[in-house]
Amino acid sequence: MTLSPGKKREKIDRLSELAARDDERGVSLWQEAFRRLRGNPAAIVGAVILALFVLVAVLGPFLVPYAPTDTIGIREGLIKPGVIPGPDGDHWFGYDHQGRDEFSRMIVGARQTLLVGVVSTLIGLAIGALIGGISGAAAGLGGRWGRWVDTTLMRFIDMLLAMPSLLLAVSIAALLGASLTTVMIAVGVVSVPVFARLLRGSMISQANSDYVLAATSLGVKKSKIALTHVVPNSLAPVIVQATLTLATAIIEAAALSFLGLGNPDTAVPEWGVMLADAQQYLGIRPSLAIYPAVAIIITALGFTLLGEAMREALDPKLRK
(Lines of atoms letter the chains of each structure in order from A and count residues from 1; the text may use other names and numbers.)
(Lines give C-alpha, C1' and ligand atoms only; values in the text may rest on other atoms or scores of the structure.)
Protein backbone atom coordinates (compact mmCIF):
# COMPACT_ATOMS: atom_id res chain seq x y z
CA MET A 1 0.00 0.00 0.00
CA THR A 2 1.36 3.41 -1.02
CA LEU A 3 1.00 6.23 1.49
CA SER A 4 0.14 9.76 0.40
CA PRO A 5 2.71 12.52 1.06
CA GLY A 6 0.57 13.86 3.89
CA LYS A 7 0.33 10.46 5.54
CA LYS A 8 4.07 10.00 5.16
CA ARG A 9 4.79 13.30 6.90
CA GLU A 10 2.36 12.45 9.67
CA LYS A 11 3.93 9.05 10.22
CA ILE A 12 7.49 10.42 10.25
CA ASP A 13 6.52 13.15 12.69
CA ARG A 14 5.00 10.51 14.91
CA LEU A 15 8.12 8.35 14.73
CA SER A 16 10.30 11.33 15.55
CA GLU A 17 8.10 12.22 18.49
CA LEU A 18 8.29 8.69 19.83
CA ALA A 19 12.04 8.67 19.46
CA ALA A 20 12.25 11.76 21.66
CA ARG A 21 10.19 10.23 24.42
CA ASP A 22 11.92 9.30 27.64
CA ASP A 23 9.81 6.62 29.23
CA GLU A 24 6.46 4.89 29.09
CA ARG A 25 4.73 7.83 30.72
CA GLY A 26 5.46 9.93 27.62
CA VAL A 27 7.63 12.50 29.39
CA SER A 28 9.81 14.30 26.84
CA LEU A 29 13.53 14.78 27.15
CA TRP A 30 13.25 18.48 27.98
CA GLN A 31 10.42 18.03 30.48
CA GLU A 32 12.38 15.41 32.35
CA ALA A 33 15.54 17.52 32.20
CA PHE A 34 13.71 20.55 33.61
CA ARG A 35 12.33 18.43 36.44
CA ARG A 36 15.82 17.27 37.33
CA LEU A 37 17.22 20.80 37.13
CA ARG A 38 14.67 22.04 39.64
CA GLY A 39 15.99 19.52 42.16
CA ASN A 40 19.67 20.22 41.52
CA PRO A 41 21.18 22.75 44.00
CA ALA A 42 24.04 23.58 41.61
CA ALA A 43 21.55 24.42 38.85
CA ILE A 44 19.56 26.64 41.20
CA VAL A 45 22.67 28.53 42.34
CA GLY A 46 23.85 28.94 38.74
CA ALA A 47 20.42 30.14 37.61
CA VAL A 48 20.23 32.69 40.45
CA ILE A 49 23.70 34.05 39.63
CA LEU A 50 22.83 34.37 35.96
CA ALA A 51 19.45 35.94 36.66
CA LEU A 52 21.11 38.61 38.83
CA PHE A 53 23.82 39.16 36.21
CA VAL A 54 21.31 39.60 33.39
CA LEU A 55 19.12 41.83 35.54
CA VAL A 56 22.08 44.08 36.39
CA ALA A 57 23.24 44.14 32.77
CA VAL A 58 19.80 45.10 31.45
CA LEU A 59 18.55 47.49 34.13
CA GLY A 60 21.75 48.61 35.83
CA PRO A 61 22.74 51.38 33.39
CA PHE A 62 19.41 53.11 34.06
CA LEU A 63 19.80 52.93 37.85
CA VAL A 64 23.46 53.85 38.45
CA PRO A 65 23.96 56.85 40.75
CA TYR A 66 26.66 58.44 38.58
CA ALA A 67 27.59 58.50 34.90
CA PRO A 68 30.41 56.01 34.29
CA THR A 69 32.45 58.71 32.51
CA ASP A 70 31.97 61.44 35.14
CA THR A 71 35.39 62.27 36.69
CA ILE A 72 33.92 63.26 40.05
CA GLY A 73 37.06 62.64 42.06
CA ILE A 74 39.22 64.86 39.86
CA ARG A 75 36.63 67.63 39.82
CA GLU A 76 36.45 67.58 43.61
CA GLY A 77 40.24 67.40 43.97
CA LEU A 78 40.23 63.96 45.63
CA ILE A 79 42.50 62.19 43.14
CA LYS A 80 46.15 63.01 43.74
CA PRO A 81 49.43 61.28 42.81
CA GLY A 82 49.57 58.11 44.88
CA VAL A 83 46.09 58.69 46.35
CA ILE A 84 42.86 57.08 45.14
CA PRO A 85 40.06 57.34 47.74
CA GLY A 86 38.30 54.15 48.77
CA PRO A 87 34.62 53.44 49.47
CA ASP A 88 32.42 55.92 51.34
CA GLY A 89 28.72 56.46 51.88
CA ASP A 90 28.13 57.93 48.42
CA HIS A 91 30.63 55.85 46.45
CA TRP A 92 30.30 52.23 47.56
CA PHE A 93 33.35 50.99 45.64
CA GLY A 94 35.30 54.25 45.79
CA TYR A 95 36.85 55.92 42.75
CA ASP A 96 39.04 54.66 39.94
CA HIS A 97 42.33 56.28 38.87
CA GLN A 98 40.46 58.93 36.86
CA GLY A 99 38.07 59.82 39.67
CA ARG A 100 35.09 57.95 38.21
CA ASP A 101 32.63 56.11 40.44
CA GLU A 102 33.80 52.49 40.47
CA PHE A 103 30.42 51.05 41.46
CA SER A 104 28.68 52.73 38.51
CA ARG A 105 31.36 51.49 36.13
CA MET A 106 31.04 47.94 37.44
CA ILE A 107 27.28 48.00 36.90
CA VAL A 108 27.50 49.47 33.39
CA GLY A 109 30.38 47.14 32.55
CA ALA A 110 28.15 44.13 33.16
CA ARG A 111 26.21 44.97 29.98
CA GLN A 112 29.37 45.08 27.86
CA THR A 113 30.59 41.81 29.36
CA LEU A 114 27.24 40.13 28.70
CA LEU A 115 27.18 41.52 25.15
CA VAL A 116 30.65 40.18 24.39
CA GLY A 117 29.87 36.76 25.85
CA VAL A 118 26.52 36.32 24.12
CA VAL A 119 27.54 37.66 20.70
CA SER A 120 30.81 35.69 20.58
CA THR A 121 28.97 32.51 21.61
CA LEU A 122 26.32 33.10 18.93
CA ILE A 123 29.05 33.59 16.32
CA GLY A 124 30.71 30.33 17.30
CA LEU A 125 27.36 28.53 17.51
CA ALA A 126 26.16 29.75 14.10
CA ILE A 127 29.35 28.92 12.21
CA GLY A 128 30.01 25.71 14.13
CA ALA A 129 26.45 24.49 13.73
CA LEU A 130 26.57 25.21 10.00
CA ILE A 131 29.81 23.26 9.52
CA GLY A 132 28.81 20.50 11.92
CA GLY A 133 25.34 20.20 10.44
CA ILE A 134 26.65 19.87 6.88
CA SER A 135 29.34 17.43 7.98
CA GLY A 136 26.97 15.34 10.11
CA ALA A 137 24.30 15.16 7.41
CA ALA A 138 26.91 14.28 4.79
CA ALA A 139 28.51 11.58 6.94
CA GLY A 140 25.26 10.04 8.14
CA LEU A 141 23.11 10.30 5.05
CA GLY A 142 25.32 11.29 2.12
CA GLY A 143 26.97 8.05 1.07
CA ARG A 144 30.44 8.10 -0.53
CA TRP A 145 30.20 11.74 -1.63
CA GLY A 146 29.00 12.70 1.82
CA ARG A 147 31.95 10.98 3.50
CA TRP A 148 34.32 13.02 1.31
CA VAL A 149 32.60 16.26 2.34
CA ASP A 150 32.68 15.20 5.97
CA THR A 151 36.40 14.38 5.82
CA THR A 152 37.25 17.71 4.19
CA LEU A 153 35.31 19.77 6.73
CA MET A 154 36.60 17.83 9.72
CA ARG A 155 40.23 18.24 8.66
CA PHE A 156 39.66 22.00 8.68
CA ILE A 157 38.13 21.75 12.14
CA ASP A 158 41.06 19.61 13.30
CA MET A 159 43.43 22.38 12.20
CA LEU A 160 41.58 24.83 14.44
CA LEU A 161 41.54 22.38 17.33
CA ALA A 162 45.29 21.84 17.02
CA MET A 163 45.94 25.45 18.06
CA PRO A 164 45.62 26.52 21.72
CA SER A 165 42.39 28.48 22.03
CA LEU A 166 43.86 31.58 23.65
CA LEU A 167 46.74 31.68 21.15
CA LEU A 168 44.27 31.43 18.26
CA ALA A 169 42.11 34.20 19.75
CA VAL A 170 45.14 36.46 20.30
CA SER A 171 46.32 35.85 16.72
CA ILE A 172 42.94 36.75 15.24
CA ALA A 173 42.58 39.83 17.45
CA ALA A 174 46.08 41.00 16.57
CA LEU A 175 45.34 40.65 12.85
CA LEU A 176 42.02 42.50 13.01
CA GLY A 177 43.12 45.25 15.39
CA ALA A 178 41.95 46.21 18.87
CA SER A 179 38.19 46.72 19.14
CA LEU A 180 35.14 45.26 20.84
CA THR A 181 34.03 43.68 17.56
CA THR A 182 37.43 42.05 17.18
CA VAL A 183 37.12 40.44 20.61
CA MET A 184 33.70 39.03 19.72
CA ILE A 185 34.96 37.59 16.42
CA ALA A 186 38.15 36.15 17.94
CA VAL A 187 36.38 34.45 20.84
CA GLY A 188 33.60 33.25 18.55
CA VAL A 189 35.99 31.63 16.07
CA VAL A 190 37.75 29.80 18.91
CA SER A 191 34.49 28.06 19.88
CA VAL A 192 33.58 27.01 16.32
CA PRO A 193 35.39 23.60 16.42
CA VAL A 194 33.64 22.56 19.63
CA PHE A 195 30.15 23.21 18.27
CA ALA A 196 30.98 21.68 14.89
CA ARG A 197 32.36 18.45 16.35
CA LEU A 198 29.55 18.14 18.88
CA LEU A 199 26.70 18.60 16.39
CA ARG A 200 28.36 16.32 13.84
CA GLY A 201 28.75 13.50 16.36
CA SER A 202 25.19 13.90 17.60
CA MET A 203 23.79 13.88 14.06
CA ILE A 204 25.75 10.77 13.07
CA SER A 205 24.36 9.04 16.15
CA GLN A 206 20.82 10.12 15.27
CA ALA A 207 21.28 9.01 11.64
CA ASN A 208 21.27 5.39 12.83
CA SER A 209 18.00 5.77 14.76
CA ASP A 210 14.90 3.77 13.91
CA TYR A 211 12.87 6.79 12.84
CA VAL A 212 15.53 7.73 10.26
CA LEU A 213 15.51 4.19 8.85
CA ALA A 214 11.72 4.26 8.73
CA ALA A 215 11.70 7.62 6.99
CA THR A 216 14.25 6.41 4.44
CA SER A 217 12.20 3.30 3.71
CA LEU A 218 9.14 5.47 3.13
CA GLY A 219 10.98 7.43 0.46
CA VAL A 220 11.41 10.72 2.32
CA LYS A 221 14.22 12.84 0.90
CA LYS A 222 17.41 12.70 2.92
CA SER A 223 17.68 16.49 3.01
CA LYS A 224 14.22 16.68 4.59
CA ILE A 225 15.10 13.96 7.11
CA ALA A 226 18.25 15.82 8.09
CA LEU A 227 16.65 19.26 8.45
CA THR A 228 13.29 18.27 9.91
CA HIS A 229 14.19 15.42 12.24
CA VAL A 230 17.90 14.71 12.68
CA VAL A 231 19.01 18.29 13.40
CA PRO A 232 16.27 19.10 15.96
CA ASN A 233 16.92 15.83 17.80
CA SER A 234 20.67 16.55 17.87
CA LEU A 235 20.56 20.03 19.39
CA ALA A 236 20.35 19.13 23.09
CA PRO A 237 24.12 18.69 23.67
CA VAL A 238 24.83 21.77 21.54
CA ILE A 239 22.56 23.95 23.69
CA VAL A 240 24.28 22.65 26.82
CA GLN A 241 27.68 23.42 25.30
CA ALA A 242 26.53 26.95 24.45
CA THR A 243 25.85 27.57 28.14
CA LEU A 244 29.33 26.34 29.06
CA THR A 245 30.90 28.32 26.22
CA LEU A 246 29.40 31.53 27.58
CA ALA A 247 31.56 31.07 30.68
CA THR A 248 34.78 30.57 28.73
CA ALA A 249 33.84 33.36 26.31
CA ILE A 250 33.62 35.87 29.15
CA ILE A 251 36.99 34.74 30.52
CA GLU A 252 38.70 34.76 27.11
CA ALA A 253 37.23 38.17 26.25
CA ALA A 254 38.55 39.52 29.55
CA ALA A 255 41.95 37.99 28.75
CA LEU A 256 42.08 39.71 25.35
CA SER A 257 41.07 43.02 26.92
CA PHE A 258 43.70 42.51 29.60
CA LEU A 259 46.32 42.07 26.85
CA GLY A 260 45.27 45.34 25.24
CA LEU A 261 43.38 43.77 22.32
CA GLY A 262 39.91 44.81 23.49
CA ASN A 263 38.01 48.07 23.14
CA PRO A 264 40.61 50.89 23.01
CA ASP A 265 38.04 53.35 24.37
CA THR A 266 38.63 53.03 28.12
CA ALA A 267 35.71 55.38 28.75
CA VAL A 268 33.38 52.48 27.94
CA PRO A 269 33.34 50.24 31.04
CA GLU A 270 34.11 46.56 30.47
CA TRP A 271 35.32 44.26 33.21
CA GLY A 272 38.35 42.99 31.27
CA VAL A 273 39.47 46.54 30.41
CA MET A 274 38.91 47.65 34.01
CA LEU A 275 41.05 44.77 35.23
CA ALA A 276 43.84 45.73 32.83
CA ASP A 277 43.70 49.41 33.82
CA ALA A 278 43.95 48.52 37.51
CA GLN A 279 47.32 46.74 37.20
CA GLN A 280 49.44 49.85 37.59
CA TYR A 281 47.53 50.88 40.71
CA LEU A 282 47.75 47.61 42.64
CA GLY A 283 50.04 49.18 45.22
CA ILE A 284 47.59 52.01 45.83
CA ARG A 285 44.14 50.49 45.40
CA PRO A 286 44.26 46.68 44.84
CA SER A 287 40.47 46.60 45.08
CA LEU A 288 40.28 48.20 41.62
CA ALA A 289 41.49 44.85 40.25
CA ILE A 290 39.63 42.72 42.78
CA TYR A 291 36.15 44.05 41.89
CA PRO A 292 36.16 43.14 38.17
CA ALA A 293 38.12 39.92 38.78
CA VAL A 294 35.57 38.66 41.31
CA ALA A 295 32.69 39.70 39.03
CA ILE A 296 34.18 37.74 36.11
CA ILE A 297 34.79 34.67 38.29
CA ILE A 298 31.28 34.65 39.77
CA THR A 299 29.60 35.16 36.40
CA ALA A 300 31.65 32.40 34.78
CA LEU A 301 30.87 30.16 37.76
CA GLY A 302 27.14 30.74 37.27
CA PHE A 303 27.27 29.71 33.61
CA THR A 304 29.45 26.70 34.46
CA LEU A 305 27.18 25.45 37.26
CA LEU A 306 24.07 25.73 35.11
CA GLY A 307 25.78 24.21 32.08
CA GLU A 308 27.11 21.21 34.01
CA ALA A 309 23.71 20.68 35.63
CA MET A 310 22.08 20.74 32.18
CA ARG A 311 24.64 18.25 30.92
CA GLU A 312 23.82 15.86 33.74
CA ALA A 313 20.06 16.35 33.31
CA LEU A 314 20.26 15.52 29.60
CA ASP A 315 22.68 12.60 29.94
CA PRO A 316 20.78 9.39 29.10
CA LYS A 317 23.08 7.37 31.37
CA LEU A 318 22.04 9.42 34.40
CA ARG A 319 18.35 9.72 33.65
CA LYS A 320 15.84 7.43 35.29
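The sequence shown maps to residues 1 to 320 in full-length UniProt numbering. Think of the CB as a built atom: it goes at the ideal place given N, C-alpha and C, for glycine as much as any other residue.
The DSSP-derived three-state label of V64 is coil. Non-local beta-carbon contacts of M106 in its own chain, meaning distances under 8 Å to residues more than five positions away in sequence, involve F93, P269, W271, M274, Y291, P292, A295 in chain order.
In this structure, the beta-carbon distance from L141 to A249 does not fall below 7 Å. Going by DSSP, Q206 is part of the alpha helix (DSSP H) stretching over 180-207. Around the beta-carbon of Q241, 16 or more other beta-carbon atoms lie within 10 Å, marking it buried. Pairing M159 with S120 gives a Cβ-Cβ distance that is not under 7 Å. 7 Å or more divides the Cβ of S234 from the Cβ of Q279. Under the three-state reduction of DSSP, D90 is assigned to coil, being neither helix nor strand. Of the residues I49, I134, A169, the one whose Cα lies closest to the Cα of T152 is I134. Out of I251, G128, W145, I297, the CA that lies nearest to the CA of F195 is found in G128. Counting other Cβ atoms within 10 Å of its Cβ, D210 stays below 16 and is therefore classed as exposed. The beta-carbon distance between L37 and A313, rounded to whole angstroms, is 5 Å. This is short enough to meet the 8 Å contact definition. Excluding five sequence positions before and after A289, the CB atoms of its chain that fall closer than 7 Å to its own CB belong to L275, A278, Q279, L282, given in chain order.
Burial state of F303 is buried, judged by a 10 Å Cβ sphere holding 16 or more other Cβ atoms. Counting along the chain, no alpha helix (DSSP H) covers E76, and no H or E run does either.
Here G188 is not near I239, since their CB atoms are 7 Å or more apart. Straight through space, the alpha carbons of R111 and F62 are spaced by roughly 11 Å. V273: member of the alpha helix (DSSP H) spanning 271-277, first to last residue.
Counting only the Cα atoms, H91 lies some 9 Å from Y66. The alpha-carbon separation between P41 and L55 amounts to approximately 21 Å. Secondary structure at D158: helix, using DSSP grouped into helix, strand and coil. Closest by C-alpha distance to D101, out of I251, E76, L167, is E76. Sixteen is the threshold: since fewer than 16 other Cβ atoms of the shown chains lie within 10 Å of the Cβ of F34, the residue is exposed. Around T69, the same chain offers R100, A267 as residues with beta carbons nearer than 8 Å, after the five sequence neighbours per side are excluded. Close CB contacts of D150 within its chain, under the 7 Å cut and outside five residues either way in sequence, are with S135, A138, A139 (chain order).
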